[in-house]
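*Asks:* Chains as they are written, first to last, in the working numbering: chain A, 1 to 313; chain B, 1 to 331; chain C, 1 to 320. We put the beta carbon where it would ideally sit given N, CA and C, even for glycine. Have a look at the structure that comes next, please.
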Amino acid sequence: MSKGKTLIEVEGLKKYFNVGGGNVLKAVNDISFSIAEGETLGLVGESGCGKSTAGRTILRLYEPTAGSVRFNGVDINQLSPKKMKAMRRDMQMIFQDPYASLNPRFTVTDIIGEALDIHGMAGSYAERKKRVEELLDMVGLNPDHATRYPHEFSGGQRQRIGIARALAVNPKFIICDEPISALDVSIQAQVVNLLEDLQDRLGLTYLFIAHDLSMVKHISDRVAVMYLGRIVELAESEELYANPMHPYTKTLLSAIPIPDPEVEANKKRIHLEDTASGPIGKEGAGNGGLFDLDNSELVEVSKGHFVSMPKKG
Amino acid sequence: MEPILQVKDLHVSFQVKGGEVKAVRGMNFEVGKGETVAIVGESGSGKSVTAQTIMRLIPSPPSIIKQGEIIFQGQDLLKKSDKQMESIRGKDIGMIFQDPMTSLNPTIKVGRQITEVLIKHQNMSAGEAKKQAVEMLKLVGIKNAEARFNQYPHEFSGGMRQRVMIAIALACRPSLLIADEPTTALDVTIQAQIMDVMKEMQSRLGTSIILITHDLGVVAGMCDRVIVMYAGEVVETGTKWEIFKNPQHPYTKGLLRSMPRLDQKKGEPLIPIIGTPPDLIKPPLGCPFAARCDQAMKICERIDPSATVFSETHTARCWDLHPMAKEVQSS
Amino acid sequence: MDSNPIKMMPTPADLTADDFRKIGADEKEAEVIQRESISAWRDAWQRLRSNKLAMTALIILALITLTAIIAPILVGKIYGYNYYSNDLLYTNKGPSATHWFGTDDLGRDMFIRTWMGARISLIVGLAAACIDLLIGVIYGGIMGYFGGRVDEIMNKFSEILYAIPYLLVTILLLVVMEPSLGTIILALTITGWINMSWIVRGEIMQLKNREYVLASRSMGAGHGRLLFRHLLPNAVGPIIVTVTLSVPNAIFAEAFLSFLGLGVQAPVASLGSMINDALTGWLYYPWRMLFPAILISLTMLSFNIFGDGLRDALDPKLKK
């Protein structure tokens, strides 16, 4: 992608959780990628694949077990608390659940204004109010509703409030953590269009985390597919959908129902075994195949198209 | 095709603080023998309320069934006593729910949850029931059915639990299965498997299915006929070919337009439906979709349109389909 | 794409061409919220107000409190005696116009003494609940918020404290220290706060993983803001309920201790010590036990009913 210079560089990022009984959940297990300025990278996978943990670890909401995240060349995990706080103005997040991501006791003004307070960006009450109204207008909400509480809004409207909150500090990079999966179909397109529109207007860079591949394909320049804590395939979105190589990607693509009876009638599905094990399990471990992820590495098979392959030798 | 279920002019409301939410406002539809009918709509459209009302599982209060009839195999379910309903539920009508995590009892072995139904409704002996239950588990694609029979729900993955739910729902060979968002809580790969299991079971047992969903993709793969609901009303109904290839109602068209498709070229913009559905505590006087409709006319805000019939199976409720609309707009 | 309708269902006849004029949809119009704006607090208050039983309990509590403050002063002014002035010629008399609740074995007025007792009970109950609240919220808040090692150690400590029989601690304390109102309150709170701290800990642990807390963290919020602006305000429902329900517990504990003779000392009366005093010869002078017993039961019952009502009103699970 020749979009511009690299903004985010994730290298060898790992996040393990101690789940008790001596078990370690390797939620994010050695992932690396970079995102250029103004680019949207999609991160897809099914529940439990570690994509949300990856997002939170990149923002340093979780301390990583290993690896580094560089923003504009600065390793954010080495920053002092004070510098980290300043850095948070550049990196923001939009959350999945529009019901859980807004404090029910805050008015919309306080939700959006909080970031301004934290970073001392609003001098006076009037200034803060004006900025909040500006942000509400930017995301297509009625500024008259600024004194209302989150539970009075519909899901789509709440998600817009969440977007306005993320935009309050003028960030450069936003992680969208399944921002539409809790919304109704007729509302999803509104939010996606808003995100695309904001990206054009403000020059934002997105990491778009989702399980809905059709939406990810629509919004992303490149897509990374995650499985069991690792990236199994990464390519430009057109290329990935036209020419999937990893068996997991193929399964995922064949499973998506397409709203067209003709296509559905002629579709052949590829099934993977349904296992309950998740990333703790050792699916395919040690057999040297494509699912032996512990002994695999990402290989560039064609320009910009990376696939997880068993290590040679 | 002779219908096994007919819903006629069903109205259901919820009593809430500050008024009455009119969740279902005049539902009419039929389900034929062996047919799969999808009820599509977004949250709050009344699709789940309709399903729960058919099963008489809807809690009352706060809900009130204002009027209507639900004729199942010639009898009005709304006139049945709770006791009579109990013998219909699970035996003649099966149901699967959205959340396979909470719809199984965690303290009872999976096998027993199936045999219980069989013993209750079919008067089977324990031995017979067990044989039948293992058979059902195999049918829904659970390997090592004999061993799995003695396990507890927490030992099953989400997809496996939903398979067990299907096994329970179909154990007594009901003539109707109501599936309320059966795959919404599952991952796409698991969803595909569950849909396949349901299709397979239907072709074996000849069950009629009502599939409640918001996912048009699932509908396209699975159903014969589609009922599109909006704000408690049926706005369009037709075969899946009619709905997907020749939609007539602006809401149906809007839904199809607003979804990105995997086989679409990149860069094609999505056309969203603006706004949000109306608050059914104060439903609009006219067409409920008028406020969000780019085709809206003056009449739409005043009078709720009646159905325009396109074929034996295809109807839509929209003023734009009225002959006068064309006249006025072309002049 | 166009298909021809074969039939249109009958429609009202008086349609004009103007009816079919396009107006389109107005985006801003479609986004207007119709329901009245309401905060979570007002919502809870409205729900509480519609709960008749809880509101009755609240009114009774208000009346009891008010009477306990005013009655002894007022009656003293009118009749010219206080809670310890005795009239040895007028002992163990039944209720009358001058002594509404009768007199006790020393000829003291039972009406004043009962309400003075209620005063003590309420003071003990409220003071103990407030101290529980203060310690419990701070201790529980720290446990829940920081978690991990801190939580483990602090939680172990509270568990050990909880394991010591509370009556034993209380009695020991009252034997060692001068029996007084302060001592009783101290004795009641020495283990009383543990329950509150566990409630707060549980709430905070649950809340701190909510996305809005993560969102605030992602904006760079510090511990203070997270704890005092996001976590505690959202835990306040269960905290209030716990406080309300711990008041009657403290009142009962005080009455119980006074009944055992470990409570406030004569001539100060508490409802518990009065019931104890009335025990000898209660068959002959039932009013001496009846009035304090009714009052203490009524107080505790009202607090419990009101607490339950509060729980229902504040419980977000019942909310939709």
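Is the number of C-beta pairs between the stretch 116 to 127 of chain C and the stretch 294 to 302 of chain C that are closer than 8 angstroms three or more?
*Replies:* Yes, they touch.
*Asks:* Taking 7 angstroms as the threshold (C-beta atoms), are Lys-217(A) and Ser-186(A) in contact?
*Replies:* Taking the first residue of the first sequence as position 1, residue 186(A) is located at position 186. Taking the first residue of the first sequence as position 1, residue 217(A) is located at position 217. No, the pair does not count as a contact, with Cβ atoms beyond the cut-off.
*Asks:* Hey, does Pro-104(A) have any beta-carbon neighbour from chain C nearer than 7 angstroms?
*Replies:* Position 104 of the first sequence, counted from the start, is the residue given in the question as residue 104(A). Chain C, which has a Cβ nearer than 7 angstroms to the Cβ of Pro-104(A), makes this yes.
*Asks:* With a threshold of 7 angstroms between beta-carbons, can Tyr-62(A) be considered close to chain C, or not?
*Replies:* Numbered from 1 along the first sequence, position 62 holds the residue referred to as residue 62(A). For Tyr-62(A), the answer is no, since every Cβ of chain C falls outside 7 angstroms of its Cβ.
*Asks:* Where Gly-18(B) and Lys-282(B) are concerned, what is the direct C-alpha to C-alpha distance, given to the nearest angstrom?
*Replies:* Position 18 of the second sequence, counting from 1, holds the residue named residue 18(B). Position 282 of the second sequence, counting from 1, holds the residue named residue 282(B). Their Cα atoms are separated by approximately 11 angstroms.
*Asks:* I want to see whether chain A comes within less than 7 angstroms of Thr-252(B), judged by CB atoms only; does it?
*Replies:* For the purposes of this step, residue 252(B) is taken as the residue at position 252 of the second sequence. Output row for Thr-252(B): interface = no.
*Asks:* Express the C-alpha separation of Pro-248(C) and Ser-302(C) in angstroms, rounding to a whole number.
*Replies:* For the purposes of this step, residue 302(C) is taken as residue 302 along the third sequence, with counting starting at 1. For the purposes of this step, residue 248(C) is taken as residue 248 along the third sequence, with counting starting at 1. Spanning the two alpha carbons is a distance of roughly 9 angstroms.
*Asks:* Give the residues from the stretch 198 to 229 of chain C that approach chain A closer than 9 angstroms (Cβ to any Cβ), ordered along the chain.
*Replies:* Cβ contacts with chain A: Arg-210, Glu-211, Tyr-212, Val-213, Leu-214, Ala-215, Ser-216, Arg-217, Ser-218, Met-219, Gly-220, Ala-221, Gly-222, Arg-225 and Arg-229.
*Asks:* Can you tell me the Cα-Cα spacing of Leu-186(C) and Ala-128(C), whole angstroms?
*Replies:* Here residue 186(C) refers to the residue found at position 186 of the third sequence. Here residue 128(C) refers to the residue found at position 128 of the third sequence. The straight-line gap from Cα to Cα measures roughly 8 angstroms.
*Asks:* Comparing C-alpha positions only, which one of Lys-240(B), Ser-258(B), Ala-171(B) and Pro-278(B) sits nearest to Asp-260(A)?
*Replies:* The sequence position of residue 260(A) within the first sequence is 260, counting from 1. Here the closest residue by C-alpha is Lys-240(B).
*Asks:* Which residues does DSSP list as the beta-bridge partners of Pro-292(C)?
*Replies:* In the third sequence, residue 292(C) corresponds to position 292, counting from 1. For Pro-292(C), which the question treats as bridged, DSSP gives no partner whatsoever.
*Asks:* Start and end of the alpha helix (DSSP H) containing Pro-247(A)?
*Replies:* Counted from its first residue, the first sequence places residue 247(A) at position 247. That run of the alpha helix (DSSP H) goes 247 to 255.
*Asks:* Establish whether the CB of Thr-109(A) and some CB of chain C are separated by less than 7 angstroms.
*Replies:* The sequence position of residue 109(A) within the first sequence is 109, counting from 1. No, Thr-109(A) does not count as interfacial toward chain C.
*Asks:* If you follow the alpha helix (DSSP H) that Gln-199(A) is in, where does it begin and where does it stop?
*Replies:* Walking along the first sequence from the start, residue 199(A) turns up at place 199. Looking at the DSSP string, the run of the alpha helix (DSSP H) that includes Gln-199(A) is 185 to 202.
*Asks:* Looking at chain B, is there any beta carbon in it that lies within less than 7 angstroms of the beta carbon of Ser-214(A)?
*Replies:* Numbered from its first residue, the first sequence carries residue 214(A) at position 214. Yes, Ser-214(A) counts as interfacial toward chain B.
*Asks:* For the structure I just gave you, are there three or more beta carbon pairs, one from the stretch 151 to 164 of chain B and one from the stretch 176 to 190 of chain B, closer than 8 angstroms?
*Replies:* The stretch 151 to 164 of chain B vs the stretch 176 to 190 of chain B: in contact.
*Asks:* Assuming Val-225(A) and Val-108(A) are in contact, meaning their beta carbons sit under 8 angstroms apart, how far apart are those beta carbons, in whole angstroms?
*Replies:* Within the first sequence, numbered from 1, the residue matching residue 225(A) stands at position 225. Within the first sequence, numbered from 1, the residue matching residue 108(A) stands at position 108. Their Cβ separation, rounded to whole angstroms, is 36 angstroms, which puts Val-225(A) and Val-108(A) out of contact at 8 angstroms.
*Asks:* Taking 8 angstroms as the threshold, find out whether the stretch 169 to 176 of chain A comes into contact with the stretch 201 to 214 of chain A through three or more Cβ pairs.
*Replies:* Output reads yes: the stretch 201 to 214 of chain A touches the stretch 169 to 176 of chain A.
*Asks:* Got a sec: is the Cβ-Cβ distance from Ala-40(C) to anything in chain A below 7 angstroms?
*Replies:* Residue mapping note: residue 40(C) aligns to position 40 of the third sequence, counting from 1. It does; some Cβ of chain A falls within 7 angstroms.
*Asks:* If we ignore side chains and look at the alpha-carbon of each, how far apart do Lys-14(A) and Tyr-227(A) end up?
*Replies:* As a working note, residue 14(A) is residue 14 in the first sequence. As a working note, residue 227(A) is residue 227 in the first sequence. Roughly 14 angstroms between the two C-alpha positions.
*Asks:* Tell me, to the nearest whole angstrom, how far the beta carbon of Asn-105(B) is from that of Gln-113(B); I am working on the premise that it is less than 8 angstroms.
*Replies:* Start at 1 with the first residue of the second sequence, and residue 105(B) comes out as number 105. Start at 1 with the first residue of the second sequence, and residue 113(B) comes out as number 113. About 6 angstroms separates the two Cβ atoms, so the contact holds.
*Asks:* Val-169(A) versus chain C: which residues are under 8 angstroms apart at the beta carbon?
*Replies:* The residue you call residue 169(A) lines up with position 169 of the first sequence. Going along chain C in sequence order, the residues near Val-169(A) (Cβ under 8 angstroms) are Met-219.
*Asks:* Where do the N-terminal and C-terminal ends of the alpha helix (DSSP H) with Leu-242(C) fall, by residue?
*Replies:* Sequence index remark: in the third sequence, residue 242(C) carries index 242 (1-based). The amino acid occupying residue 242(C) in the given sequence is Thr; Leu does not appear at that position. Note, Thr-242(C): alpha helix (DSSP H), 232 to 259.
*Asks:* Report the three-state DSSP secondary structure of Ser-34(A) (helix, strand or coil).
*Replies:* The residue given as residue 34(A) occupies position 34 in the first sequence. The answer is strand: DSSP assigns Ser-34(A) an E or B state.
*Asks:* Does the beta carbon of Met-297(B) sit closer than 7 angstroms to a beta carbon anywhere in chain C?
*Replies:* Here residue 297(B) corresponds to residue number 297 of the second sequence, with the count starting at 1. Closer than 7 angstroms: yes.
*Asks:* With a threshold of 7 angstroms between beta carbons, is Ala-167(B) in contact with chain C?
*Replies:* If you number the second sequence from 1, residue 167(B) lands on position 167. For Ala-167(B), the answer is no, since every Cβ of chain C falls outside 7 angstroms of its Cβ.
*Asks:* Is Pro-233(C) close to chain A, meaning its C-beta is less than 7 angstroms from at least one C-beta of that chain?
*Replies:* As a first step, residue 233(C) is located in the third sequence; it is residue number 233 there, counting from the start. Interface residue, yes.
*Asks:* Check each candidate in Lys-253(B), Asp-263(B) and Thr-252(B) and name the one with the smallest Cα separation from Glu-239(A).
*Replies:* Your numbering for residue 239(A) matches position 239 in the first sequence. Taking only the C-alpha atoms, the option nearest Glu-239(A) is Asp-263(B).
*Asks:* Taking 8 angstroms as the threshold, find out whether the stretch 170 to 183 of chain B comes into contact with the stretch 84 to 97 of chain B through three or more Cβ pairs.
*Replies:* Yes, the stretch 170 to 183 of chain B touches the stretch 84 to 97 of chain B.
*Asks:* In chain B, which residues lie with their C-beta within 8 angstroms of the C-beta of Lys-93(C)?
*Replies:* The count along the third sequence starts at 1 and reaches residue 93(C) at position 93. Chain B residues near Lys-93(C): none, gap ~54 angstroms exceeds 8 angstroms.
*Asks:* Does any residue of chain B have a CB that is nearer than 7 angstroms to the CB of Gln-190(A)?
*Replies:* Within the first sequence, numbered from 1, the residue matching residue 190(A) stands at position 190. True, the Cβ-Cβ gap to chain B drops below 7 angstroms.
*Asks:* Which residues share a DSSP beta bridge with Ile-178(B)?
*Replies:* The sequence position of residue 178(B) within the second sequence is 178, counting from 1. According to DSSP, which records beta bridges pairwise, Ile-178(B) is partnered with Met-95(B) and Ile-210(B).
*Asks:* Going along chain B in order, which residues have a C-beta closer than 7 angstroms to the C-beta of Val-223(A)?
*Replies:* Residue numbering aside, residue 223(A) sits at position 223 when the first sequence is read from its first letter. By Cβ distance, chain B contributes nothing, its closest Cβ being about 11 angstroms from Val-223(A), past 7 angstroms.
*Asks:* Does the Cβ-Cβ distance between Lys-199(B) and Tyr-152(B) come in under 7 angstroms?
*Replies:* Counted from its first residue, the second sequence places residue 199(B) at position 199. Counted from its first residue, the second sequence places residue 152(B) at position 152. Contact flag unset, no.
*Asks:* Kindly list the residues whose CB is nearer than 7 angstroms to the CB of Met-1(C), restricted to its own chain and excluding five residues on each side of it in sequence; keep chain order.
*Replies:* Residue 1(C) sits at position 1 when you count from the first residue of the third sequence. Caution applies to Met-1(C), whose pLDDT of 42 falls short of 50 and renders its modelled position unreliable; the value that the coordinates give is listed next. Closer than 7 angstroms at the Cβ level, and outside the excluded window around Met-1(C), lies no residue.
*Asks:* Return the bridge partner residues of Pro-64(A) from the DSSP annotation.
*Replies:* Locating residue 64(A) in the first sequence gives position 64, where the first residue counts as 1. DSSP output for Pro-64(A) lists no bridge partner at all.
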